[in-house]
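Notes for the one structure printed next.
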Amino acid sequence: MTYRIVDAGTYSEPVQQALEGVLTERLDEGDLEPTLRFWHRESPAVALGRFQAYADEVAVDYVDEHDVDVVRRLTGGGAMYVEPGAVITYSLYLPREAVSDDIEASYAELDQWAIDALRSVGLDVFHEPLNDITHADGKIGGSAQLRKDDAVLHHTTMSYALDTSEMLRVLRIGEEKVSDKAIKSAEKRVAVMRDYVDATRAEIIDAMKETFTDRFDAEPGSLPDDVVNDARTRATETFASDEWNRKL
Amino acid sequence: MHDSATVKVPAGKLVEVDVTYDDRLTDVRVTGDFFLEPPERHASLEAALEGHPADVSRPTLVEAIEAVDATLIGFDAEHLADATLEAIR
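For the protein sequence lines, the chains are A and B, in the order given.
Position 77 of the first sequence, counting from 1, maps to 77 under the UniProt record's numbering, and the rest follow consecutively.
Position 30 of the second sequence, counting from 1, maps to 30 under the UniProt record's numbering, and the rest follow consecutively.
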């Protein structure tokens with residue numbers, strides 16, 4: 001099994017989330033090689049977990065005024081605030097048989113190469129069940145999965161140099177009226193990689209590609225044009241629509 | 001009446017239940033940062049909580065939730081039942 005590593009293309013948040021669906025379906029149908037994709041964003045955004053209530057998670061007036069895209073993902077999990085150049089997101093599109101049926105174990109397994117890559121640049125991070133990558137000082141990132149009959153999507157977003165005070169303005173964990181769940185998550189501080197290493201974001205991504213290639217059979221690749229075109233269509237129809245993003 | 005309650009699963013996820021009820025539970029909404037496979041069963045999960053009398057027992061709710069053909073990840077049927085009961089009591 002040879003993975004394609006895709007590290008090109010800058011897309012809006014709706015197109016990014018639409019790509020996740022298109023690529024996972026293509027793999028499920030046998031029309032895509034197993035793939036590792038690194039994301040590059042166009043603008044600040046919130047990736048909302050599939051089952052989260054829009055108004056519970058984002059400061060609605062603030063995101064409207066500041067044109068922050070809030071896009072509901074296909075995967076469960078929690079809201080992530082993202083900024084171009086300040087986060088590292090990767091997606092793995094894997095054949096189902098390459099992934100443990102034990103969901104809890106699969107999160108740890110599928111993040112391990114990334115954790116090892118971060119360690120190779122001097123970041124002391126570890127997996128924290130169920131789906132977090134953590135530094136002793138706080139959470140670096142989180143993963144989420146989607147499973148099809150023959151394909152698994154595993155994507156992870158980590159903070160490289162996130163503006164955490166802006167994050168607290170965008171997400172409702174920054175507000176006083178929040179429920180105790182949000183206070184609990186705010187208490188669990190977000191840690192950003194750049195506080196601990198001099199490596200640039202590009203250098204960290206290079207280290208990740210190196211570790212991945214050492215461990216798995218992988219070579220550079222790109223996304224087919226028709227995949228990107230399908231994602232653009234789906235972004236317009238669904239992932240940029242209030243009907244999808246505000247349905248809960 | 002309309003109420004909601006939240007359960008934070010220890011070392012797990014957060015589940016919020018929003019419910020309209022009088023004699024019976026109607027319009028149940030389940031939100032949170034949990035995982036569910038397949039995600040399309042979210043509506044079935046909500047439907048499984050609807051229609052019960054407002055004095056429904058915990059075992060009845062747990063059984064109704066477990067009857068949904070879905071894998072709950074980061075929470076289980078008991079957590080969802082507890083959030084539902086807390087919302088209506």
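C-beta atoms are modelled at their ideal positions from N, C-alpha and C, and glycine is treated no differently.
With respect to the C-alpha of ASP206 of chain A, the residue from A:ALA136, A:GLY138, A:LEU118 and A:ILE133 having the closest C-alpha is A:LEU118. Chain A has no Cβ within less than 8 Å of the Cβ of PHE75 of chain B. Rounded to the nearest whole angstrom, the C-alpha separation of GLU78 of chain B and VAL62 of chain B is 6 Å. Around ASP82 of chain B, no beta-carbon contact reaches into chain A at under 8 Å, the shortest distance being about 14 Å. Sequence-ordered contacts of the stretch 27-54 of chain A with chain B read GLY49, ARG50, PHE51, GLN52 and ALA53 [C-beta pairs closer than 9 Å]. For ASP33 of chain B, a Cβ of chain A is located within less than 8 Å of the residue's own Cβ. Following the DSSP letters along the chain, one finds THR211 of chain A inside the alpha helix (DSSP H) bounded by residues 201-215. Taking CB atoms only, LEU85 of chain B has no neighbour in chain A less than 8 Å away. Assigned with DSSP and collapsed to three states, VAL68 of chain B falls in coil, not helix or strand. With a threshold of 8 Å between beta carbons, GLY12 of chain B makes contact with chain A.
Straight-line spacing of the CA atoms in THR26 of chain B and PHE38 of chain A works out to 43 Å. Assigned with DSSP and collapsed to three states, MET1 of chain B falls in coil, not helix or strand. Cα atoms of ALA161 of chain A and ILE133 of chain A: separation of roughly 15 Å, rounded to the nearest angstrom.
Three or more beta-carbon pairs separated by less than 8 Å are not found between the stretch 104-122 of chain A and the stretch 165-172 of chain A, which leaves the two stretches without contact. Using a Cβ-Cβ cut-off of 8 Å, ARG147 of chain A is close to GLU37 and PRO38 of chain B, given in chain order.
With a beta-carbon spacing of about 6 Å, TYR90 of chain A and LEU36 of chain A fall inside the 8 Å limit used to define contacts. At a cut-off of 8 Å between C-beta atoms, PRO220 of chain A does not count as an interface residue with respect to chain B.
Sequence-distant Cβ neighbours of THR211 of chain A in its own chain, meaning closer than 7 Å and more than five residues away, are TRP113, ASP116, ALA117 and SER120.
In the structure shown, the three-state DSSP call for LEU36 of chain B is strand. Exposed is the label assigned to ASN229 of chain A, since fewer than 16 other Cβ atoms lie within 10 Å of its Cβ.
The beta strand (DSSP E) runs of length 3 or more contained entirely in the stretch 11-89 of chain A are, from start to end of the chain, 35-38, 45-48, 69-72 and 80-82. At a cut-off of 8 Å, the C-beta of PRO95 of chain A has no neighbouring C-beta in chain B.
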